[in-house]
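Student: In this note's numbering, the protein residues as written are -2 to 497. Questions regarding the structure given below will be posed in turn.
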Amino acid sequence: MKSVRVRFAPSPTGPLHIGGVRTALYNYLFAKKFKGTFILRIEDTDQNRYVPGAEAYIIDSLRWFGLLPDEGPEFGGEYGPYRQSERKEIYKQYGDKLLADGNAYYAFDTPEELEMMRESDQTFKYDSKSRKVLKNSLTLPPEKVKELLEKGENIAVRLKIPENEIISFNDEIRGHVSFESNELDDKVILKGDGMPTYHLANIVDDHLMEITHVIRGEEWLPSTAHHVLMYRFFGWTPPSFSHLPLILKPTGQGKLSKRDGAKFGFPVFPLSRDSDHEEDNFTGFKDDGFLPEAVLNFLALLGWSPGNDQEMFTLPELCEVFSLDKITKSGARFDIDKAKWFNQQYIIHSDNLKLAYTVQDKAIDEGYNVSIEYLADVCGLMKERVHKTDEIISGGRFFFEPPHAFDDETIKKRYKPENSKHFLKIADQIGAGEKNEIEQIIKGYVQENGLKLGEFMPILRIALSGSMQGPDLIQSMMLIGNKESSERITLAVAYFDKLF
RNA sequence: GGCCCGUUCGUUUAUCGGUUAGGACGCCAGGUUUUCAUCCUGGUAGGAGGGGUUCGACUCCCCUACGGGCUACCA
-2 MKSVRVRFAP SPTGPLHIGG VRTALYNYLF AKKFKGTFIL RIEDTDQNRY VPGAEAYIID
58 SLRWFGLLPD EGPEFGGEYG PYRQSERKEI YKQYGDKLLA DGNAYYAFDT PEELEMMRES
118 DQTFKYDSKS RKVLKNSLTL PPEKVKELLE KGENIAVRLK IPENEIISFN DEIRGHVSFE
178 SNELDDKVIL KGDGMPTYHL ANIVDDHLME ITHVIRGEEW LPSTAHHVLM YRFFGWTPPS
238 FSHLPLILKP TGQGKLSKRD GAKFGFPVFP LSRDSDHEED NFTGFKDDGF LPEAVLNFLA
298 LLGWSPGNDQ EMFTLPELCE VFSLDKITKS GARFDIDKAK WFNQQYIIHS DNLKLAYTVQ
358 DKAIDEGYNV SIEYLADVCG LMKERVHKTD EIISGGRFFF EPPHAFDDET IKKRYKPENS
418 KHFLKIADQI GAGEKNEIEQ IIKGYVQENG LKLGEFMPIL RIALSGSMQG PDLIQSMMLI
478 GNKESSERIT LAVAYFDKLF
């Protein structure tokens, strides 16, 4: 059996978005499952839409997720180049072959002319019917064609779709799919600038790179008919096709798009980007506090299921159990709550030191210059109560600085000014004690004086952190330190007393 | 408009003709906890509609409705 070779083929027209990541993931999983090859191919045939930096962004994103290609630009391989813009001559050869065999023809219509046709007739299609009255090498006399060719303007090569045929193929996910050739348009395969369109480049490359399985988004389903036709014209065996269901907006109205991040308030891109244009600025999953393994786990289950109830998977586990026939047929809405839940699970099970390194930059940005060991301890105490890593910092500021404000409501309700002297004594004892004595100091004091622990702990908590929420109080105080804890209590009690 | 694909709890999915239609997220309730969270227990809620086929249909077929995709010298 031929070894499995799959490709992820994004176009560098902008940052890779989450749907693309899922496509990459499924390709990766499929390749690894069969010990095959995962290839990255950059589909940059549209010079006008090329965005500098997009390719680097794509690679950086894949790297963050750990979905490294076995072959691709910057990764090497025997089937390069892996950027389509560097394969221009190859496509021309194959275009010429199609032309020579009568399976393609030159079309000289200008974009403006076609535009007008479409405006006057909404249903206009460049197909086996309309090509008979349009400006192309099929209708024009040979001399005229020769003249236009020499002139070299507005020359496009179009695929000549045969009439009255049923074009069908098997999709691994959807089964048998068929199209009537009369419904298909004569797609441009080589553009005026000499570049191929996706359709030609894609099948030539898939063939030359010996791709065995094409796993891509559902938006390609309609044009697959054109692709299988080209495979036939070239006499090649088509690869297996799998068209993935789309990831939909949370509302279900349409596929998730790049703009939806800002619209719904969650990331749709892996990595953040700063741009001069405000609308191109966005926060990625990474900076928003997501762990790559969590996003991958979430994405894996968005359109695929193992067939049982297991939900938590490591990447190697996914590689093992993944299969195309378990991919869902219908589109799945992006559910940020589920994504956060996965992230929370991964955070909880993460090693403290590892978490510390992922939030270190954030801590430094906020001006919290603490040791990585201290940060790791903070992570250990905070990780059970956050959904995203950035909340370890934003929800645990009292580990780095005294609280700026206190929960006055609760103080008014539960603080008893007559206990003020007790708090001060506790503070003194803590200040003079060792860190592992804190628990004994508080509980011992309360007990010896016949007081209620419930009247002290909540108040101490607010004194230390400002609010009623947070990790175990004793543990927190031990981390913050005896001296600092003592000072915070003394200061806070003075403030509390003034509220009465 | 045309073509293609799809349709199980609010969301994501299991079910590959016979099940009290299962899980997870969310939500609600209870327990644990000095708080929050974690964790545990329980609850909530579903086969779009109509025809067939069949002893029997969520499952197979058809129609309708709805949703999505495509319909560029973009990918």
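Idealized CB from N, CA, C, for every residue including glycine.
At the level of alpha carbons, what is the spacing between residue 431 and residue 309?
Tutor: Using only the alpha carbons, I get a separation of about 42 Å.
Student: Check whether the region 180 to 187 and the region 121 to 128 are in contact - that is, three or more C-beta pairs closer than 8 Å.
Tutor: yes
Student: Helix, strand or coil for residue 96 per DSSP?
Tutor: helix
Student: Classify residue 47 as helix, strand or coil using the three-state DSSP reduction.
Tutor: In the structure shown, residue 47 adopts coil according to DSSP, grouped into three states.
Student: Please specify which runs of the beta strand (DSSP E), each continuous and at least 3 residues long, are wholly inside the region 142 to 212, giving them in chain order.
Tutor: 153 to 156, 163 to 168, 172 to 177 and 185 to 187
Student: Can you tell me where the alpha helix (DSSP H) with residue 287 in it begins and where it stops?
Tutor: Taken as a continuous stretch (DSSP letters only), residue 287 belongs to no alpha helix (DSSP H), as it is neither H nor E.
Student: When you compare each of 305, 155, 78 and 23 to residue 40 by their alpha carbons, which one comes out closest?
Tutor: For the residues 305, 155, 78 and 23, the minimum Cα distance to residue 40 belongs to 78.
Student: How far does the beta strand (DSSP E) with residue 499 in it reach, from first residue to last?
Tutor: Outside the displayed range of the chain (-2 to 497) lies residue 499, so it cannot be described from this structure.
Student: Are the region 358 to 367 and the region 319 to 331 touching, with three or more C-beta to C-beta distances below 8 Å?
Tutor: no
Student: What does a CB cutoff of less than 6 Å around residue 380 pick up in its chain, not counting 5 residues either side in sequence?
Tutor: 344 and 345
Student: Look at the Cβ atom of residue 208, then the Cβ atom of residue 227, and state whether they are nearer than 7 Å.
Tutor: Their beta carbons are not under 7 Å apart, which means residue 208 does not touch residue 227 by this criterion.
Student: Which one of 396, 156 and 58 has the shortest CA to CA distance from residue 98?
Tutor: 156
Student: Does residue 393 pass the burial test, meaning 16 or more other C-beta atoms within 10 Å, or should it be called exposed?
Tutor: buried
Student: Give the DSSP-derived three-state secondary structure of residue 79 in the structure shown.
Tutor: coil
Student: Scan the region 420 to 479 and note each continuous alpha helix (DSSP H) run of 4 residues or more that stays entirely inside, going in chain order.
Tutor: 435 to 445, 450 to 462 and 470 to 477
Student: Is it buried or exposed for residue 356, if we count other Cβ within 10 angstroms and need 16 for buried?
Tutor: Residue environment analysis places residue 356 among the buried positions, since at least 16 neighbouring C-beta atoms fall within 10 angstroms of its C-beta.
Student: Classify residue 46: buried if its beta carbon has 16 or more other beta carbons within 10 angstroms, exposed otherwise.
Tutor: exposed
Student: Assess, as a yes-or-no matter, whether the region 164 to 171 is touched by the region 130 to 144 under the definition of 3 or more beta carbon pairs within less than 8 Å.
Tutor: no
Student: Where residue 74 and residue 257 are concerned, what is the direct C-alpha to C-alpha distance, given to the nearest angstrom?
Tutor: Separation of residue 74 and residue 257 (C-alpha to C-alpha, rounded to the nearest whole angstrom) is 36 Å.
Student: Give me whichever residues DSSP pairs with residue 2 in a beta bridge.
Tutor: 34
Student: Where residue 127 and residue 193 are concerned, what is the direct C-alpha to C-alpha distance, given to the nearest angstrom?
Tutor: 22 Å
Student: Check whether the region 56 to 75 and the region 105 to 112 are in contact - that is, three or more C-beta pairs closer than 8 Å.
Tutor: no
Student: Report the three-state DSSP secondary structure of residue 363 (helix, strand or coil).
Tutor: coil
Student: Suppose the cutoff is 8 Å on Cβ atoms and the five residues either side in sequence are ignored; what does the same chain contact list for residue 369 look like?
Tutor: 350, 353, 354 and 357
Student: Give me the DSSP bridge partner(s) of residue 103.
Tutor: 154
Student: Can you confirm whether the region 218 to 232 touches the region 244 to 261 when touching is taken to mean that 3 or more C-beta pairs between the two stretches lie within less than 8 Å?
Tutor: no
Student: Between residue 281 and the rest of its own chain, which residues show a CB-CB distance below 6 Å, the 5 nearest in sequence each way excluded?
Tutor: 264, 266, 267, 268 and 269
Student: Grab the span of the alpha helix (DSSP H) containing residue 368 for me, first residue to last.
Tutor: Run containing residue 368: none; DSSP gives neither H nor E here.
Student: Under 8 Å: do the region 21 to 38 and the region 330 to 343 share three or more Cβ pairs, one atom per stretch?
Tutor: no
Student: If we require 3 or more residues per run, which beta strand (DSSP E) segments fall completely within the region 227 to 272?
Tutor: Runs found: 237 to 241.
Student: Is it right to say residue 465 is buried, meaning 16 or more other beta carbons lie within 10 angstroms of its own, or is it exposed?
Tutor: Exposed, since its Cβ has fewer than 16 Cβ neighbours within 10 Å.
Student: Put residue 53 into one of helix, strand or coil per three-state DSSP.
Tutor: Residue 53 sits in a helix when the DSSP states are folded into three classes.
Student: At the level of alpha carbons, what is the spacing between residue 2 and residue 105?
Tutor: 38 Å
Student: Using the beta-carbon count (16 or more within 10 Å), is residue 202 buried or exposed?
Tutor: By the Cβ neighbour-count rule, residue 202 is buried, with 16 or more other Cβ atoms within 10 Å of its own.
Student: Using a Cβ-Cβ cut-off of 6 Å (strictly less than) and excluding sequence neighbours within five positions of residue 235, which residues of its own chain qualify?
Tutor: 225 and 228
Student: Would residue 403 and residue 463 be called neighbours here (beta carbons separated by less than 7 Å)?
Tutor: yes
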